[in-house]
Each structure stands twice: as C-alpha cells, then as structure tokens.
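Chemist: Submitted below is the structure of interest, expressed as structure tokens.
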C-alpha cells in the first residue's frame, strides 16, 4: 500500500500544499478542492496549471475526489440540506452531475489519475432509515450510466461510504458495487465514516458490524481508502489527529497488509494545519512499522 493525502487538508493554495506534501516524503496526492473550486469545476487553463505543478514537484494523483452525486437528490421532491461551507460541493440535478462526471473523467485522463470519487447521494435529515433495499435499488439504477461512461473512458469510479448519504458504511456501499458488477466501479472505504455511521438510522443488519468484520467482507471491492480518526464521547464524534483517536489503525493496517492491499491509503484528517502535519508524520510511522514487519 502507499500513502497519499487530500491537498486541501493542508492548503487551498495548491502549490503551498504540494510543498508541504513533498517535505514530508509523500509522492501521491488526492485532489478535492483547490483555489476555491472543486476539481470538477476547474477550467482547462487551471487543469494545465495543476499538471505543470505535479511535474514540478514530481507528484502523482491517487484519486480525483469529486463531490459528484453528493448534493444530487435521489428521490423526486426530496429535500436535502446544504452541507457545511468549508467542504466545497457540486450542486445540480442528475443530468448536471452526469455532464460534470464526463468532464471530471477527462480531467482524470489528463492528470493520469486512476480513480474518480462519487457519493451515494445525500440523505434527507427527515429520513428515519438509510440504506434500505429501495435506496440501494435506486442508487444502483442511478450509477449504471456513470459506470458505463467510466468504462468508455477507461477510468475507475470509487463510491465512498459517507454518514451524510444513504450508505454510511462500507458494507452497505458494497451492495451497490455488487449489483452493478463492473470493473470500473470500486469501493472507496472511508474507515472513519464507517466508525461514525449513524447507528440509529441503519437497518438492523448493519448496526453491529465492526471495522474488522467490515474489512473482511468488503476487501475485494476496495479501490481506495480514506483515513480520518475520531474521539467518541457521550455519543458525539469529534475529529482528532490521525491514529490518536478511538480507531485502532495499527491493527487495521496489519490486516490490510495480510490481505496484500496494494492501493492508496489517503489522509483526510479534517483537523487544523498543525494536526494535519502531525497526521502525516503518524501515517509515516505506521507504514514504516509495517515495512519492517
């Protein structure tokens, strides 16, 4: 496995982020937002600038973390709440997201990025249970076209489990991957998102699945991994520096090694700058331990 980090965790100024990344021994980056825009919104000129900077700092792209289908209503007349302003997102209806997906896949080809991230549609806060059979069926139908487009463009899409969507856990997201059954659609397993899934909103079968049990079930579907950590106190989750919270990442990494996972583990710590730097250092230490093993 190899390490990566989402650039906007360090700085919205892309070049400043790259300097920090190189200084901490990282060779791969993931791009969500830069210069106040999401990756799917960049102009041709801005994409060319990204490419020049990647060459300047000798870096490669592990994934383009688009926000496609996050703020896209899954059901007709479905009310979804705007997300926090610090996390830039693409708006629009299904057709808008499809057009932006085509654009993002073209960008991925230019930047030699293997993966493009998608989301399983933001859930309404009024929805009492997410990840129902009906949800999974409709998400499957909606992502058939993106999967075909990805195949035509020789890009692999990765569908991220997210607590704000209809599929908070990786084991739930796997259902859609299995249904579509395409080599161009894999799972983006966000370990922290699975850990903090809203248990009371999940179907009973998914509520008590541990991270280790989940990994054993989903491993063959995983294309990309996100890393963030949490402290849970009084049933509330708070972000904390990677590997310093409640998630046993050392044990999970041991298991990923045993399973011979060869993809990226990409930091998205969601903490302040100094603790992002510390998160990078902590990931270096964990990976060094496993290389010695």
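Numbering (the numbering used here), first residue to last: 1 to 293. All C-beta atoms, glycine included, are put in the ideal place defined by N, C-alpha and C.
1) Exposed or buried, residue 131, counting other C-beta atoms within 10 Å across all chains shown (16 or more means buried)?
2) Can you give me the C-alpha to C-alpha distance between residue 266 and residue 134, rounded to a whole angstrom?
3) Here's a check: name, in chain order, each residue in its chain whose Cβ is nearer than 6 Å to the Cβ of residue 30, leaving out the five neighbours to either side.
4) I'd like to confirm the pairing. Which residues does DSSP put opposite residue 264 in its beta bridges?
5) Can the beta-carbon of residue 210 be found closer than 8 Å to that of residue 169?
6) Thinking just about the alpha-carbon of each residue, which of 69, 86, 286 and 261 is nearest to the one in residue 159?
7) Quick check on the DSSP output: the beta strand (DSSP E) that includes residue 62 runs from which residue to which?
8) Where do the ends of the beta strand (DSSP E) carrying residue 231 lie?
9) Using a threshold of 8 Å, state whether the C-beta atoms of residue 54 and residue 111 are closer than that.
10) Tell me which same chain residues have a C-beta within less than 6 Å of the C-beta of residue 118, skipping the five on either side of it?
11) Can you check DSSP and say which residues form a bridge with residue 248?
12) Pick from 199, 21, 171 and 24: whose alpha carbon is nearest that of residue 190?
13) Between the C-alpha atoms of residue 28 and residue 60, what's the straight-line distance to the nearest angstrom?
14) Going by DSSP, what residue range makes up the beta strand (DSSP E) through residue 115?
15) Helix, strand or coil, according to DSSP, for residue 200 in the structure here?
16) When you compare the CB positions of residue 20 and residue 34, do they come within less than 8 Å of one another, or not?
17) Give a yes or no on whether the C-beta atoms belonging to residue 242 and residue 269 are separated by under 8 Å.
18) How would you write the range of the alpha helix (DSSP H) that residue 140 sits in, first residue to last?
19) One question on the structure: do residue 229 and residue 192 come within less than 8 Å of each other, judged by their Cβ atoms?
20) I'd like to know if residue 53 contacts chain D, where contact means its C-beta is closer than 8 Å to some C-beta of that chain.
21) Skipping 5 residues on each side, what residues in its chain have a beta carbon closer than 8 Å to that of residue 47?
22) Provide the residue(s) that pair with residue 28 in DSSP beta bridges, ordered along the chain.
23) Taking residue 272 as the reference, give the member of 51, 86 and 2 with the closest Cα.
24) Mind checking whether residue 180 and residue 143 have CB atoms under 8 Å apart?
25) With DSSP as the reference, label residue 107 as helix, strand or coil.
Modeler: Reading from the atomic positions:
1) Per the 10 Å Cβ criterion, buried.
2) Cα to Cα, the separation comes out at about 31 Å.
3) The beta carbon of residue 30 lies closer than 6 Å to those of 4, 6, 62, 63, 65 and 266 in the same chain, with the five residues before and after it left out.
4) Its beta-bridge partners are 2 and 224.
5) Not closer than 8 Å, so no.
6) When only C-alpha atoms are compared, the closest one is 69.
7) For residue 62, the uninterrupted beta strand (DSSP E) run begins and ends at 60-68, by DSSP.
8) Following the DSSP letters along the chain, one finds residue 231 inside the beta strand (DSSP E) bounded by residues 229-233.
9) Contact: yes.
10) Answer for residue 118: 68, 69, 157 and 159, listed in chain order.
11) Per DSSP, none; premise fails for residue 248.
12) Answer by Cα proximity: 171.
13) Distance between the alpha carbons of residue 28 and residue 60: 5 Å.
14) Counting along the chain, the unbroken beta strand (DSSP E) around residue 115 starts and ends at 115-118.
15) Correct three-state label for residue 200: helix.
16) Against a cut-off of 8 Å, the Cβ pair of residue 34 and residue 20 comes out as no contact.
17) Contact flag set, yes.
18) Residues 133-153.
19) In this structure, residue 229 places its C-beta atom within 8 Å of the C-beta atom of residue 192.
20) The structure shown contains no chain D; it holds only a single protein chain.
21) So the list reads 107, 110 and 111, once near-sequence residues are dropped.
22) In the DSSP output, where bridge partners are listed per residue, residue 28 has 60.
23) In terms of Cα proximity to residue 272, the closest of 51, 86 and 2 is 86.
24) Inclusion of residue 180 and residue 143 in the CB contact set at 8 Å is warranted, their separation being smaller than that value.
25) Under the three-state reduction of DSSP output, residue 107 falls in the helix class.
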